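Number of protein chains: 2
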Amino acid sequence: MMEITSRENPLIRDYTHLRDNRAYRRETGRFVLEGARLLADALESGVRMETAFFTDAAMEKHAALCQTAGQKGVRVCMVGSSVAVKLADTSAPQGIFATAFMLDKAFALDKIKLGGVYAALEDISDPGNLGTILRTAEALGLSGILLSKGCTDIYAPKVVRASMGAVFRTAFLQVDDLPAALSLLNDNGIQTLAALAGGTTRLLTQLDLHGGVVVAIGNEGAGLTDACVKVCKPFTIPMKGRAESLNAAAAAAIVMWEIMRGR
Amino acid sequence: MMEITSRENPLIRDYTHLRDNRAYRRETGRFVLEGARLLADALESGVRMETAFFTDAAMEKHAALCQTAGQKGVRVCMVGSSVAVKLADTSAPQGIFATAFMLDKAFALDKIKLGGVYAALEDISDPGNLGTILRTAEALGLSGILLSKGCTDIYAPKVVRASMGAVFRTAFLQVDDLPAALSLLNDNGIQTLAALAGGTTRLLTQLDLHGGVVVAIGNEGAGLTDACVKVCKPFTIPMKGRAESLNAAAAAAIVMWEIMRGR
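Protein chains in written order, with this note's numbering: chain Y, 517 to 779; chain U, 517 to 779.
And the structure:
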């Protein structure tokens, strides 16, 4: 087994580069993950891994996980504690890190299930929100997620962590032109809905949610663009008090739940 | 107007101490807030403020806000940019900071509305989750929030920010013994529910949600303690796929929505 004690080792530099740089992730089709649970989750979900880094202590504590990784052809390296500090991106690192290949869970727009339920995320910028939405979508059984180009990277470390591995298992599609995609789906008989914080009197509880549905959720600050709203049926979650809006991930949870609860 | 250029000024040290130290917040009954929106929100919500700090640029950009604060008796100070850097707790600081007095929005357990809807949060540890739950509870019109002693501080800067000011307006009560409080409410005819990630076959959709309801939501990792579950009717949100659970704030959003949607 390879032991890495230098923070300047090329594998370590490659890891931190992947962790911090979206363009490098895209270019190489790889991303990083951290922690025992995510590593186990990725292995079980069929994610192909390249290199796993364990500290001495982590290797002892998670011996079975380390062995499974080795058996699945992952190159396992032991890293010194100062190297682990360089790799860590969490507040309480467990000393377990890996580089992995992106899964191709992408689906083509013309392969969308006509009776399915999809969320279309426009420019969601907070990694915690994007990860939470993926996690909720998986738990509630949505068919897939559409992402506008302006969304934060689905393979960013914080998104992967907040998704609790849902990113490995959820079908998603990044589209260059979200309004055009929504319009196309609408033409194909899928109901396209737009969740607004206000400006409409149509309530979530008044919608007919049968059949295929795509619900568009907008950016945390700006909401949905007019171009998206124009090709959708707008609605709002009834709200009381002085609150002007809900957190994007909370709003998405309520809307996805309401669509799925009767199915 | 006072101008502060030294990072060691006692008012600056007081601010950072309040920002970083829960015990000091409790001891002095004060907390900090950052940003134009939160400051305006706090002033409108009747929060009594002590000192507001503006950078030169922020004072120019937010002149009206600065003036309103002064008119309401807040001591307004101008701070240099190096001082602002010391005060800032956000990634894109606006140069606006204030110390404020905690509002006494606490309600007594025997004053609980018998027909009201309450969430009881046990040991919620992530400030973003706690703030988001408060924001969602306000938007959906809950009557109030019970917090166990183990919850993260409701006046922590991240909680205040994530709540988008809901912390200023939501009735909440911190209880030393949450199971005892739930038991007492149950004895008074309020239905006590416990949201679990599994281990029960009773689904959220099968509950009778009329009348007074308190729903208990547990810690992000550990869930609810047995002591809480024992005095509640346990239920689960129906889940699909490999997801083992939902994020605490997403689960709370779904549950609070389901309880409120028919009211």
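Don't be surprised by glycine CBs; every beta carbon is placed ideally from N, CA and C. As the structure is a prediction and not an experimental result, all values here were calculated from the model.
Nearest to residue i (by Cα), restricted to the options the options
| i | options | result |
| --- | --- | --- |
| ALA784 (chain U) | U:ARG777, U:ALA743, U:MET776 and U:ALA713 | A question about residue 784 (chain U) goes unanswered here, because the residues of chain U that appear run from 517 up to 779. |
| THR532 (chain Y) | Y:VAL599, Y:LEU701, Y:PHE688 and Y:MET575 | Y:VAL599 |
| SER561 (chain Y) | Y:GLY545, Y:PHE613 and Y:MET618 | Y:MET618 |
| THR648 (chain Y) | Y:ALA573, Y:SER664, Y:VAL676 and Y:ALA636 | Y:VAL676 |
| MET517 (chain Y) | Y:MET772, Y:GLN583 and Y:GLY728 | Y:GLN583 |
| PHE569 (chain U) | U:GLU519, U:GLN587 and U:GLU543 | U:GLU519 |
| ASP693 (chain Y) | Y:ALA636, Y:ALA711 and Y:ASN704 | Y:ALA636 |
| LEU534 (chain Y) | Y:THR717, Y:LYS756, Y:PRO673 and Y:LEU725 | Y:PRO673 |
| GLU638 (chain Y) | Y:ILE733, Y:ARG541, Y:PRO526 and Y:ASP557 | Y:ILE733 |
| ALA738 (chain U) | U:TYR671, U:ILE640, U:THR752 and U:ASP557 | U:ILE640 |
| GLU543 (chain U) | U:ASP530, U:TYR634, U:ILE628 and U:LEU559 | U:ASP530 |
| GLY778 (chain Y) | U:MET755, U:GLU760, U:GLN707 and U:LEU762 | U:MET755 |
| LEU555 (chain U) | U:LEU720, U:ILE612 and U:LEU762 | U:ILE612 |
| TRP773 (chain U) | Y:THR721, Y:VAL729, Y:GLU760 and Y:CYS744 | Y:THR721 |
| GLU736 (chain Y) | Y:LEU762, Y:THR717 and Y:LYS629 | Y:LEU762 |
| ALA558 (chain Y) | Y:GLU576, Y:ARG538, Y:ALA616 and Y:PRO695 | Y:ALA616 |
| CYS744 (chain U) | U:SER659, U:PRO695, U:ALA608 and U:MET575 | U:PRO695 |
| ASP724 (chain Y) | Y:THR716, Y:VAL590 and Y:GLN707 | Y:GLN707 |
| LEU740 (chain Y) | Y:ARG523, Y:GLY666, Y:ASN702 and Y:PRO609 | Y:GLY666 |
Sub-7 Å separation of residue i and residue j beta-carbons
| i | j | result |
| --- | --- | --- |
| ALA682 (chain Y) | ARG651 (chain Y) | yes |
| LEU689 (chain Y) | MET776 (chain Y) | no |
| LEU709 (chain Y) | CYS748 (chain Y) | yes |
| VAL592 (chain U) | GLY586 (chain U) | yes |
| VAL771 (chain Y) | VAL731 (chain Y) | yes |
| PHE751 (chain Y) | TYR671 (chain Y) | no |
| MET565 (chain Y) | ALA614 (chain Y) | yes |
| ALA769 (chain U) | ALA769 (chain Y) | yes |
| SER664 (chain Y) | VAL633 (chain Y) | no |
Chain-ordered chain U contacts of residue i [CB-CB under 8 Å]
| i | result |
| --- | --- |
| ARG564 (chain Y) | Those within 8 Å of ARG564 (chain Y) in chain U number zero; the least Cβ separation is about 18 Å. |
| LEU762 (chain Y) | ARG651, THR652, ALA655 and ALA769 |
| THR708 (chain Y) | By Cβ distance, chain U contributes nothing, its closest Cβ being about 22 Å from THR708 (chain Y), past 8 Å. |
| THR648 (chain Y) | ASN763, ALA765 and ALA766 |
Contacts that residue i makes with chain U (C-beta to C-beta distance below 7 Å)
| i | result |
| --- | --- |
| ARG535 (chain Y) | Those do not exist, as ARG535 (chain Y) stays about 17 Å from chain U at its closest Cβ, beyond 7 Å. |
| ILE661 (chain Y) | Here the premise fails: no neighbours, minimum Cβ distance about 13 Å. |
| ARG777 (chain Y) | THR721 |
| GLY644 (chain Y) | GLY644 |
Assigned exposure category for residue i - 16 Cβ within 10 Å defines buried
| i | result |
| --- | --- |
| GLY551 (chain U) | buried |
| GLY521 (chain Y) | The sequence given here has Thr at residue 521 (chain Y), not Gly. It is exposed - the Cβ of THR521 (chain Y) has fewer than 16 other Cβ atoms within 10 Å. |
| ARG685 (chain Y) | buried |
| HIS490 (chain Y) | Any question about residue 490 (chain Y) goes unanswered here, given that chain Y covers just 517 to 779. |
| PRO643 (chain Y) | buried |
| ALA653 (chain Y) | buried |
| ASN645 (chain Y) | buried |
| LEU581 (chain U) | buried |
| LEU625 (chain U) | exposed |
| ALA573 (chain U) | exposed |
| THR668 (chain U) | buried |
| SER679 (chain Y) | buried |
| ALA687 (chain U) | buried |
8 Å Cβ cut-off: residues of chain Y touching residue i
| i | result |
| --- | --- |
| GLN716 (chain U) | Checking the displayed sequence, the identity of residue 716 (chain U) turns out to be Thr instead of Gln. Residues of chain Y passing the Cβ test: none, with the nearest at roughly 16 Å. |
Neighbour list for residue i in chain U, Cβ cutoff strictly below 9 Å
| i | result |
| --- | --- |
| ALA735 (chain Y) | According to the sequence shown, residue 735 (chain Y) is Asn rather than Ala. Here the premise fails: no neighbours, minimum Cβ distance about 15 Å. |
Closer than 7 Å to chain A by CB, residue i
| i | result |
| --- | --- |
| VAL729 (chain U) | No chain A is part of this structure, whose protein chains are labelled Y and U. |
Unbroken stretches of the alpha helix (DSSP H), 4 residues or longer, contained in the segment 538-601 of chain U: 538-544, 552-560, 572-577 and 579-587
Counting only runs of 3+ residues fully inside the segment 681-755 of chain Y, write out the beta strand (DSSP E) ranges in chain order. 688-691, 707-712, 729-733 and 749-752
Considering only residues of the segment 639-683 of chain U, which uninterrupted beta strand (DSSP E) runs meet the minimum length of 3 residues and lie entirely inside it, listed in chain order? 660-664
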